[in-house]
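Chemist: Structure provided below as structure tokens; questions to follow.
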């Protein structure tokens, strides 16, 4: 009986706390420094440096950074994406085009370092809402034993250096008999990049 009375009062207090937190979140999302800057006229925006970089400014800065791209060899296949990039496989073409259609900023084979070793992930993708980069590796020839062995080494290096699938890395894969599906690429973009 005493326990029931205690739990009833605790439940009432928890419900009140939830109501207060929901109201606070609603108030915060309607009144942020970013929104304040966004409401200014174009003329005023030109005269003011915002306290917090807007999402648009962040994306512009990210997209305008110079980067080193993996060079294409003479024997490399080449496919042109809708955005005008050149990629090495039809599957990478699918990924690049789906990113482009979704309006997702990306870099193709941008050099980064894993430890002290330079690597060129297939894609570096920007989740603009969270201001977070993901690397996207497409594992395109998993039925080739040498390729599969090299892939295992590469993925272990990523894991050892803080890249984890579903956290800051997206993986897709295929074999010669099981190709990549564009709808699955769209699902991954929706789940990891657009939220």
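Numbering (my numbering), first residue to last: 35 to 229. Ideal Cβ placement from N, Cα and C applies to all residues, glycine included.
#1: So, residue 133 versus residue 223, is the Cβ gap smaller than 8 Å?
#2: In angstroms, rounded to a whole number, what distance separates the CA positions of residue 229 and residue 47?
#3: Along the chain, where does the alpha helix (DSSP H) containing residue 203 start, and where does it finish?
#4: Are the beta-carbon atoms belonging to residue 93 and residue 160 less than 8 Å from one another?
#5: Okay, do the region 135-146 and the region 183-202 touch, 3+ Cβ pairs below 8 Å being the bar?
#6: Please go through the same chain and pick out, in chain order, the residues whose beta-carbon is closer than 7 Å to the beta-carbon of residue 67, but skip the five residues on each side of it.
#7: Would DSSP call residue 210 helix, strand or coil?
#8: Using 8 Å for Cβ pairs, my map puts residue 103 next to residue 142. What's the rounded Cβ distance?
#9: For the structure I just gave you, are there three or more beta carbon pairs, one from the region 197-209 and one from the region 111-121, closer than 8 Å?
#10: In the DSSP assignment, find the beta strand (DSSP E) that holds residue 141 and state where it starts and stops.
Modeler: Quick look at the numbers:
#1: yes
#2: 32 Å
#3: Not the alpha helix (DSSP H): residue 203 falls in the beta strand (DSSP E), residues 203-207.
#4: yes
#5: no
#6: 85, 86
#7: coil
#8: 7 Å
#9: no
#10: 140-142
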